[in-house]
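Residue numbers (my numbering): 7 to 315. In this text, a Cβ means the ideal position worked out from N, Cα and C, and glycines have one as well. Bear in mind that the values here come from a model prediction, so they are computed numbers and not experimental data. Contents: one structure, followed by commentary.
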């Protein structure tokens, strides 16, 4: 049944499904690191890296993409890539980051946060929060308008983005203008209908989701679980407006919709995009008709978040 629902020629993505075993992680990450290095940077963009010192004196790498023709971009997307908390950046993450930078004339910063199982929650969260602190502290030096800072992420990166806005609110800190959440992880309970329905779907499944949470939430960390799973939050007041994109054939579909509804019920502006016949991670096929169609939707969302008409 699921196979018949998949859009166009996306059936080949079944071959991208990972075995639900931590033993494959080193091989997958080595391969992804190599492929990402082989992905060229567009000649219209500058690319540079900055290393921050983490809360526990380790290094966090930020990769900055900026149009070469713009000295002071004014606007910025701070982006946490989708990793399932244990997978390194993939080539499509770089392609999308470059697209957002080039098409919106913005600075895009991708955070290379540390990963489970070596670094379970809360380490990845703290890395992302530290990156947000660095951005707000250095906005003026970077030529950015503090009112034009957007935070986003796909999958697990979406959870990190949403949770960072919660902590910034909870600490009374300046917050982002908007949240840009692409098929986000939001709920560790795994009780939604889509999580039950898509037990063995290509690319991402309930079985992989179970492995993800077991590697990420290894023990009680001494802090609120909402910073790992945003649907643990009890109040969504005073958070930024959001764009929430969900895929029809995705175990994460319903938890993304639940987060969107919780934000909406608290009075926030929420733009929900439902991608029909799409698997989780459909935008890995960067040049597909479906990914290109939703590229335009995403770019329009970012331009509005940056205050453009």
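- Going by DSSP, residue 59 is part of the beta strand (DSSP E) stretching over 51 to 59.
- When the Cα atoms are used, residue 126 and residue 52 turn out to be separated by approximately 32 Å.
- Your pair residue 116 and residue 87 checks out as a contact, with CB atoms roughly 6 Å apart and the cut at 8 Å.
- In this structure, residue 305 and residue 110 form a Cβ contact; the two beta carbons are roughly 6 Å apart against a cut-off of 8 Å.
- By the C-beta density criterion, residue 168 is buried, having at least 16 other C-beta atoms within 10 angstroms.
- Excluding its 5 nearest sequence neighbours in each direction, residue 174 has C-beta neighbours in its own chain below 6 Å: 181, listed in chain order.
- Not a single unbroken stretch of the beta strand (DSSP E) spanning 3 or more residues falls wholly within the segment 118 to 151.
- Residue 248: member of the beta strand (DSSP E) spanning 248 to 255, first to last residue.
- Between residue 219 and residue 91, the alpha-carbon positions lie close to 9 Å from each other.
- Ranked by Cα distance from residue 134, the first of 231, 201, 61, 276 is 61.
- If you draw a straight line from the Cα of residue 120 to the Cα of residue 25, it is about 22 Å long.
- As for any alpha helix (DSSP H) of minimum length 4 sitting wholly inside the segment 146 to 211, the runs are 162 to 176, 199 to 203, ordered along the chain.
- Residue 159 sits away from residue 209, with the two beta carbons spaced by 8 Å or more.
- The Cβ-Cβ distance between residue 198 and residue 255 does not fall below 8 Å.
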